[in-house]
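Notes follow the structure.
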Amino acid sequence: MFRFLILKLGLETPGREADDAESKLYSKQEFREKQAAKGENKYVIVAAAYLEGLGGKENIIDVTNCATRLRVSVKDVSLVKPDGFFKEKGAHGLVKNGTALQIIVGLTVPKVREEFEKLVR
Numbered sequence: 010m011f012r013f014l015i016l017k018l019g020l021e022t023p024g025r026e027a028d029d030a031e032s033k034l035y036s037k038q039e040f041r042e043k044q045a046a047k048g049e050n051k052y053v054i055v056a057a058a059y060l061e062g063l064g065g066k067e068n069i070i071d072v073t074n075c076a077t078r079l080r081v082s083v084k085d086v087s088l089v090k091p092d093g094f095f096k097e098k099g100a101h102g103l104v105k106n107g108t109a110l111q112i113i114v115g116l117t118v119p120k121v122r123e124e125f126e127k128l129v130r
């Protein structure tokens, strides 16, 4: 009965409404350009904050990452800000072992590392 009324009267139901707008599929390059046009992404902001907390780009020797941590070697540990600074900026903590530091970032660490390396260059 309902099917008959919907078909006979041409009632719009979800999935049957007039589709005047065309869908456009974007390539990866177009998507990235669109994201860049919106402004700085959150990873750039986080990476800049971590760089500040580590004493600036002159203090950085090497940067790598594992699954959840940003591993950084620094020249002078005394320039590194305390654990609380990194927690305020979104990290889960800071592990110090001599001049080798690990900022516990989480699963977004590869994106943060990419932006961090761009800032260090």
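Numbering (my numbering), first residue to last: 10 to 130. Cβ coordinates follow ideal geometry from the N, Cα and C atoms, glycine included.
For T77, which residues from the same chain have a beta carbon less than 7 Å from its beta carbon, with the 5 sequence-adjacent residues on both sides left out? To locate residue 77, count along the sequence shown from 1; it is residue 68. Closer than 7 Å at the Cβ level, and outside the excluded window around T77, lie I113, V114, G115, L116 and V118.
With C-beta atoms as the reference, is N68 less than 9 Å away from K84? In the sequence shown, counting from the first residue as 1, residue 68 sits at position 59. In the sequence shown, counting from the first residue as 1, residue 84 sits at position 75. In contact: N68 and K84 (Cβ atoms closer than 9 Å).
Run through the DSSP bridge pairs and tell me what T108 is partnered with. Numbered from 1 along the sequence shown, position 99 holds the residue referred to as residue 108. Residue pairing by DSSP places T108 in no beta bridge whatsoever.
At a cut of 8 Å, does the segment 54-68 reach the segment 91-99 through at least three beta carbon pairs? With a cut-off of 8 Å on Cβ pairs, the segment 54-68 is in contact with the segment 91-99, counting three or more such pairs.
Across which residues does DSSP place G64 in a beta bridge pair? For this step, residue 64 is matched to residue 55 along the sequence shown. Paired residues: none, contrary to the question.
V81: first and last residue of the uninterrupted beta strand (DSSP E) it sits in: For the purposes of this step, residue 81 is taken as residue 72 along the sequence shown, with counting starting at 1. Segment R78 to V83, the beta strand (DSSP E) holding V81.
Does the Cβ-Cβ distance between D92 and L103 come in under 9 Å? Locating residue 92 in the sequence shown gives position 83, where the first residue counts as 1. Locating residue 103 in the sequence shown gives position 94, where the first residue counts as 1. For the pair D92 and L103, the CB atoms are nearer than the 9 Å cut-off.
Assign Y52 to buried or exposed, taking buried as 16 or more other Cβ atoms, counted over all protein chains shown, within 10 Å of its Cβ. Within the sequence shown, numbered from 1, the residue matching residue 52 stands at position 43. With 16 or more Cβ atoms within 10 Å of its Cβ, Y52 is classed as buried.
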